[in-house]
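Contents: one structure, followed by commentary.
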Amino acid sequence: MTTGVGVELNDLTRVYGTVRALDGLTLHIEPGEFVALLGPSGCGKTTALRILAGLDEATSGTVSVGGRDVTSVPANKRDMGMVFQAYSLFPHLTALENVEFGLKMRGRAKGDRTTRATEMLDLVGLSAHLNKYATELSGGQQQRVALARALAIQPSVLLLDEPLSALDAKVRTQLRDEIRRVQLEVGTTTVFVTHDQEEALAVADRVGVMSQGRLEQLAPPAEVYADPATPFVAEFVGLNNKVPAEVTSGQAHLLGMSVPTLAGSISSGAGTALLRPESVTVTADPAGTSTVKSVAFLGPISRVYVALADGAVIDAQLTSAAARGFEPGAPVTVGVEQTRLLVV
7 MTTGVGVELN DLTRVYGTVR ALDGLTLHIE PGEFVALLGP SGCGKTTALR
57 ILAGLDEATS GTVSVGGRDV TSVPANKRDM GMVFQAYSLF PHLTALENVE
107 FGLKMRGRAK GDRTTRATEM LDLVGLSAHL NKYATELSGG QQQRVALARA
157 LAIQPSVLLL DEPLSALDAK VRTQLRDEIR RVQLEVGTTT VFVTHDQEEA
207 LAVADRVGVM SQGRLEQLAP PAEVYADPAT PFVAEFVGLN NKVPAEVTSG
257 QAHLLGMSVP TLAGSISSGA GTALLRPESV TVTADPAGTS TVKSVAFLGP
307 ISRVYVALAD GAVIDAQLTS AAARGFEPGA PVTVGVEQTR LLVV
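Structure, rendered in structure tokens:
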């Protein structure tokens with residue numbers, strides 16, 4: 007198992023003409039930690055990864071790895087392993103030869119290379135495919151080879167740039183879980199860039215949500231989801247209903263109920279509560295003033311769309327067993343679980 011190293015990005019800016027791709031990004035990653043950078047296209051997450059890798063230069067700010075300032079160190083001297091969206095395998099080499107390549111470049115003896123590459127392919131579950139060429143492998147298998155190749159050189163930091171976005175949904179989920187298993191087993195400090203919130207929440211120790219070159223929040227996945235620090239995080243991570251609310255003394259009053267507000271909410275007056283579908287309760291009620299519009303079955307969960315008395319439609323997420331009791335046109339009462347809400 008590798009001993010992870012700490013990574014520090016301090017006040018990084020990156021300016022391209024009039025565009026500030028990074029705007030004072032500071033990010034400290036613990037040794038052995040798996041951090042996902044999450045955000046929409048153009049938020050600066052890939053720029054941050056490329057600067058960490060040495061593939062791009064910061065306009066200002068510093069990069070430290072394991073306590074060593076590497077801001078001016080070229081990419082080939084930074085000891086980073088990278089996996090890109092495109093598999094980037096050599097088509098004329100077998101899986102084993104592809105994984106050996108980085109070790110060969112570092113002057114490792116043939117026997118050592120083969121042993122190490124075989125171990126890494128075993129780690130990613132490809133022992134049976136050592137001698138297949140890239141063209142004989144599926145997309146998911148090729149990306150596993152790319153991961154094995156990145157890990158074979160025992161990098162101080164593993165960098166993953168949208169590594170799953172070219173794969174279909176089922177393979178993405180399998181490989182996502184595989185990447186996390188391998189990372190925990192090997193212990194390498196890892197930075198994973200994605201625009202897919204489910205991916206980030208599923209694998210990371212901490213998720214950094216980025217917008218316009220800045221870090222909006224850096225926290226464990228459950229905290230980012232349940233306690234979003236800013237309206238942007240609340241909107242980007244998960245689905246939200248927007249419901250009028252009145253705030254007094256740290257309480258949001260909405261849908262006939264009172265629930266506590268999150269830090270970052272307005273302190274008083276009228277606002278809009280960002281309400282997760284799973285925090286909405288729906289109760290059959292012959293005297294209810296709300297009406298079921300439709301029910302969407304999604305396997306273990308269902309979404310129940312309800313028209314409120316004022317005509318606004320709210321989305322509730324229920325277990326499919328609970329949702330079976332609701333038919334379009336049924337009168338219901340809508341409420342809110344006792345959960346903290348962000349009111350903006």
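Position 167 of the sequence shown, counting from 1, maps to 173 under the working numbering, and the rest follow consecutively.
A virtual CB, placed ideally from N, CA and C, is assigned to each residue, including glycine.
Bear in mind the structure is a predicted one, so any value in this text is a computation, not a measurement.
- For V349, DSSP records a beta bridge to A279.
- Residue environment for D167: buried (at least 16 other C-beta atoms within 10 angstroms of its C-beta).
- Residues of the same chain with a CB within less than 7 Å of the CB of I159, apart from the 5 flanking positions on each side, are G87, G108, L109, R112 in chain order.
- Counted as a single uninterrupted DSSP element, the beta strand (DSSP E) harbouring G67 occupies residues 66-71.
- Distance check between V25 and each of Q218, H98, A302 places Q218 closest, using alpha-carbon atoms only.
- Cβ-Cβ separation between G131 and V177: approximately 13 Å, too far for a contact (criterion under 8 Å).
- Taking each of E36, L61, R74, V21 in turn and checking the Cα distance to G48, the smallest one comes out for V21.
- In this structure, the beta-carbon distance from S171 to V11 does not fall below 8 Å.
- H135 sits in a helix when the DSSP states are folded into three classes.
- Fewer than three Cβ pairs drawn from the segment 85-103 and the segment 33-48 lie within less than 8 Å of each other, which leaves the two stretches out of contact.
- Contact between the segment 62-73 and the segment 121-140 is absent: fewer than three C-beta pairs spanning the two stretches fall below 8 Å.
- If you draw a 10 Å sphere on the C-beta of P169, you find 16 or more other C-beta atoms in it, and that means buried.
- Using a C-beta cut-off of 8 Å, the segment 295-305 makes no contact with the segment 266-274, since fewer than three inter-stretch Cβ pairs fall below that distance.
- Of V213, L153, R119, the smallest CA-CA separation from V188 is found for L153.
- In this structure, P337 places its C-beta atom within 8 Å of the C-beta atom of P292.
- Residues A27, L28, M216, G219 of the same chain have their beta carbon placed closer than 6 Å to that of G50, with the five preceding and five following residues left out of the count.
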